[in-house]
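Each remark here refers to the structure printed beneath this line.
Protein chains in written order, with UniProt numbering: chain A, 1 to 325; chain B, 1 to 918.
Printed below as a string of structure tokens:
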């Protein structure tokens, strides 16, 4: 790769996608984006379309030297067919198109949940994606997509999978906004004492890791890497940090994890027959996520990608607080 | 007794040819299996199945010898599957037989007896044409057969190695219950042949349980009753009385083994103590017969020790050490460690020298604070003590105690304990001292493991010995009523022994010769604060060196008044020539010692030296308000104050210093394996700020090595292992490695542990630059500062390895302890080694009762303020700060945080488990 090469970024209008585009531009690449809405990033060439439209995908990839694939259906519930079309079929079409267009590198952005069977993760490295045991449609379809991506790795198109874990930061509509809104509404309980250790990723770190993966692809292709800040914290401490940065009251009430899991299961079934409703307050998946540890061994990631996070957790909270002022 | 065969069912008489084992048994390479024919003891040609790694041996390299492995009942050569590959790599051929009627060997239909089996095996090795040195290896009754072969082939025999087995059943000892059951008439045939009960019972003895596939492999040759005749014949062949046909052969082998032992044949005994049949007393018997044997008891392992733990690496390591390849560099050690070298043997001053020298001295040797009239103090003169020691020594000899016998002392500190201890060492008996602080479980493991021949105890100790089935003949310290004595199986009292001894001496009898300096003198059991209790063996020369070192360092000798509130020093008082006293205290609860009791003891011997255990110190300091002016006067005369055994907080040492204003306060560093290694004063500690450059990564300053001690550091590698060459390096963190004449000799029956601890002693080890220097790995980590003073940073096993590097716990803990509101703390790692996260667990200064109940009332995450202060103090990334009402504390030392327990607790809590108390 050299500066002025063109990198196609799918899902660039998302929270992490915008950060990746900015980093790529800062590194001197020309960036083309592909998603349904304008990316809103100055200087990027926007191609509008959906990854479920194979023709549009081919058009977007044409002429790109490299691809960073972020587009995905991310939510806790929803129609399984939608997850399949976007996260599996969409990925397959994009991989085919990139190979046909002669792209020389591919970074597939995945999620640690593809290898998470609901038990604690305590200092594990990236285990193989396991659709059979992944929890929920998102994780299952992302696992299938990741397998397709790794199968498409080749000398001609070296491919790297990056799995950022719980990306957050100013402007984050997933984790931060949900936590803050629920806390504001008094709907955010701690599960147990909130003492399970969880590793998260400040958005700038996730973006710089993705760019590092793109640059290191020829040397480390065919591998999957979990990316985090490498600073696990108790759930309660993280939620408190986010709430305090946003100026809302941190959670003060607690639900036993087993109760939350059972309630989550019930809520999921209710929400399943309420199409079009808002996000459910609790799902089984979320209950597991918030009551079991998941933090990772970052040694291989850092050594292979020659990357270290540049924004610490504390600095991240400070920037988040600044964004709310 | 009826001939054994007649007691077996008809199925036992079934014959069948030998076969090869089926393919696919886990861990078994089909290439090892062979069928070999040889005449049996009756001249009939039989076919054996055996495992032979000869094909795997490198053609180019010379074969060092053959390991002849013999399984027991009801296993087969599958037992040795893990040996064949590694042995071949090490240049050793392994021939592991299936005994006739066992495994896949021929079913002969004959109920074979021990003499037959021994000859069968000899005929087989003849047929195999085994030449070159042979090392036998046996387990269970295969151990007896293998020893029979060893006794019959002295020219070929290079060494004997054994797992749980027995060659002698004392006539008066009870047959283990499981065997009694199996041998009961009517049960034998059904239990062993008709049903697989005996087989299944044995396979259930794994610790941990055997895997299903491994059990199936053991079952494979014994699927039907007509395959199990050999199992029944083996059980029927157990010779329980002199009338049994195999009894004479067993006696012959037992005597032959003793002869091998006397001839110095190398031997290795590996033992699983959790064996319901082959109990420790059989190990004791074997160790007596093979006095040069290396012994390792694998704590936690049982009868199937070869399945429970790795017995192969120790065996191959032992072969390298004792039967090295001809071209291997370095001399071959003939014993466990190089001989100890006292500075000059002519300087030797035996432990009883002062007692002997002052046998007519009427001055005070020791004082018992509550033994006198009306519960007051009683002074014992040198003359009286000396005479008492000689009488008990003579009495013990008459009782049958010989040099090398072990005498377990379950006696609280007292004149009686002192007298019996010096009597034992004088006649060469080895004293076994286990601290009551080990708890009943630890004491039982210790006393069983040490296999005392005699137990001398006060009532509680004797009762425990009786109830818990501790081994050894029993002697009571006090005279017991005949009924009690009988109930406790006590054969004599100390007074009886003294009286016997008095008459022996009056009749012109002499004490036995004095033990040699390199003879074993004592087995001390360590606190267990740093792992399971280990027996530490000292020779006479080494104990004499301890006495010399203490005496010289602290100028304690004849004329010194010594308050010894710490067991080892109380016992060494007479050897030092000091006038000693133990303050009135409950030894099992040192925390109850008061300042007044210390002062009263000091006044009694006009003490200038006071030694107290760290556990006792807090209450002594706390109760100083009760001191009278007389008490204070007595303490004013003290010039030296010592406290050791665990780290002593400077504040506590300073408190003691105020109690004894004219004393210099010292806190020496050492361990049961080396009682005095370095020394530091309160002044020196106070002169060092925690953030001084000398502190480096932190730690407790324990001072400079005392004379004759050398301290080196074995640097830690990136994985936190002490793999670095021990060196005289400053500012580098590593395992503390020490050398001194007063180090222990070895660990008792823990050959592997010992090898690991002394691995720097080997002639070619880098640390051993001086000839004959003995080194000990302390298991502590620390560093030397620029004045060559040692700082201890924690235990090697508590080192945390994060993604950013190695962290030792003591430095961070000290910085957290210094925070407002923190009483003490523990810093541990969670997660896999190499990517561990630091966790700080804090015990707050004041434990305010909380209104909320449930788990949250017991342990919780620290609030934001405390968490940020702790993180700043630690100065390294800390994943979580937890608060608990009480940190788990080591059982013995009231001050050491049990980091292993704390880490296990933090691991499960932070994985999302219950937040209960640690």
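Glycine residues also receive a C-beta, built at the ideal position from the N, C-alpha and C atoms. Predicted model, so just to flag it, every value in this text is computed and none were measured.
Member of the options whose CA lies at the smallest distance from the CA of residue i
| i | options | result |
| --- | --- | --- |
| residue 291(B) | 281(B), 266(B), 311(B), 494(B) | 266(B) |
| residue 731(B) | 738(B), 716(B), 756(B) | 716(B) |
| residue 565(B) | 231(B), 687(B), 642(B) | 642(B) |
| residue 817(B) | 739(B), 779(B), 698(B), 801(B) | 698(B) |
| residue 77(A) | 141(A), 171(A), 249(A), 152(A) | 141(A) |
| residue 232(A) | 158(A), 121(A), 219(A) | 121(A) |
| residue 35(A) | 73(A), 100(A), 171(A) | 73(A) |
| residue 109(A) | 145(A), 99(A), 79(A), 75(A) | 145(A) |
| residue 481(B) | 473(B), 490(B), 474(B) | 490(B) |
| residue 686(B) | 217(B), 210(B), 844(B), 701(B) | 701(B) |
| residue 517(B) | 506(B), 540(B), 359(B), 421(B) | 540(B) |
| residue 239(A) | 220(A), 183(A), 151(A) | 183(A) |
| residue 100(B) | 116(B), 584(B), 89(B), 90(B) | 116(B) |
| residue 274(B) | 371(B), 55(B), 163(B) | 163(B) |
Partner residues on chain B for residue i, Cβ-Cβ distance less than 8 Å
| i | result |
| --- | --- |
| residue 177(A) | Under the 8 Å cutoff, chain B gives no residues; its nearest Cβ is about 23 Å from residue 177(A). |
| residue 196(A) | 910, 911, 912 |
| residue 233(A) | 879, 880 |
| residue 292(A) | 911, 912 |
| residue 102(A) | What residue 102(A) touches in chain B: nothing, since even the nearest Cβ is about 39 Å away. |
Proximal residues of chain B, C-beta to C-beta of residue i below 7 Å
| i | result |
| --- | --- |
| residue 111(A) | None at all; the shortest Cβ gap to chain B is about 20 Å. |
| residue 226(A) | Chain B residues near residue 226(A): none, gap ~12 Å exceeds 7 Å. |
| residue 50(A) | Going along chain B, no residue has its Cβ under 7 Å from residue 50(A), so there is no contact; the nearest lies around 38 Å. |
| residue 247(A) | Those within 7 Å of residue 247(A) in chain B number zero; the least Cβ separation is about 15 Å. |
Chain A contact residues for residue i, given Cβ-Cβ distances below 7 Å
| i | result |
| --- | --- |
| residue 721(B) | In chain order: nothing, as chain A lies at least about 17 Å away. |
Whole-angstrom distance between residue j and residue i, CA atom to CA atom
| i | j | result |
| --- | --- | --- |
| residue 310(A) | residue 833(B) | 25 Å |
| residue 748(B) | residue 212(A) | 57 Å |
| residue 147(B) | residue 161(B) | 9 Å |
| residue 126(B) | residue 154(B) | 14 Å |
| residue 831(B) | residue 123(A) | 5 Å |
| residue 871(B) | residue 812(B) | 10 Å |
| residue 774(B) | residue 614(B) | 29 Å |
| residue 387(B) | residue 522(B) | 22 Å |
| residue 2(B) | residue 39(B) | The predicted model places residue 2(B) with a pLDDT of 37, which falls under 50 and marks its position as unreliable; any figure quoted below should be read in that light. Their backbone Cα atoms lie some 27 Å apart in a straight line. |
| residue 33(A) | residue 59(A) | 12 Å |
| residue 229(A) | residue 312(A) | 7 Å |
Same chain only: Cβ atoms within 6 Å of residue i, ignoring 5 sequence neighbours per side
| i | result |
| --- | --- |
| residue 936(B) | No answer is possible for residue 936(B): it lies beyond the span of chain B, which begins at 1 and ends at 918. |
| residue 990(B) | Absent from the structure is residue 990(B), since the part of chain B shown begins at 1 and ends at 918. |
| residue 264(B) | 292 |
| residue 38(A) | 46 |
| residue 320(A) | 170, 245 |
Chain-ordered neighbours of residue i on chain B, where CB pairs are closer than 9 Å
| i | result |
| --- | --- |
| residue 297(A) | 803, 831, 832, 834, 835 |
| residue 240(A) | 864 |
| residue 75(A) | Within chain B, no residue comes near residue 75(A); the closest Cβ sits about 24 Å away, beyond 9 Å. |
Residue environment, residue i, which counts as buried when at least 16 other CB atoms sit within 10 Å
| i | result |
| --- | --- |
| residue 402(B) | exposed |
| residue 486(B) | exposed |
| residue 74(B) | buried |
| residue 658(B) | exposed |
| residue 472(B) | buried |
| residue 653(B) | buried |
| residue 52(B) | buried |
Within chain C, the residues that residue i reaches when beta carbons sit closer than 9 Å
| i | result |
| --- | --- |
| residue 861(B) | Going by chain labels, chain C is absent from the structure shown, which instead holds the protein chains A and B. |
Cβ-based neighbour list, residue i, same chain, cut-off 8 Å, excluding 5 preceding and 5 following
| i | result |
| --- | --- |
| residue 550(B) | 556, 569, 572, 576, 675, 676 |
| residue 552(B) | 707 |
Cβ-heavy atom distance, residue i to the ligand SAH, below 7 Å
| i | result |
| --- | --- |
| residue 487(B) | For the structure depicted, the ligand SAH is absent and the ligand set is empty, with no information on it obtainable. |
Cβ-based neighbour list, residue i, same chain, cut-off 7 Å, excluding 5 preceding and 5 following
| i | result |
| --- | --- |
| residue 621(B) | 652, 655, 656, 659 |
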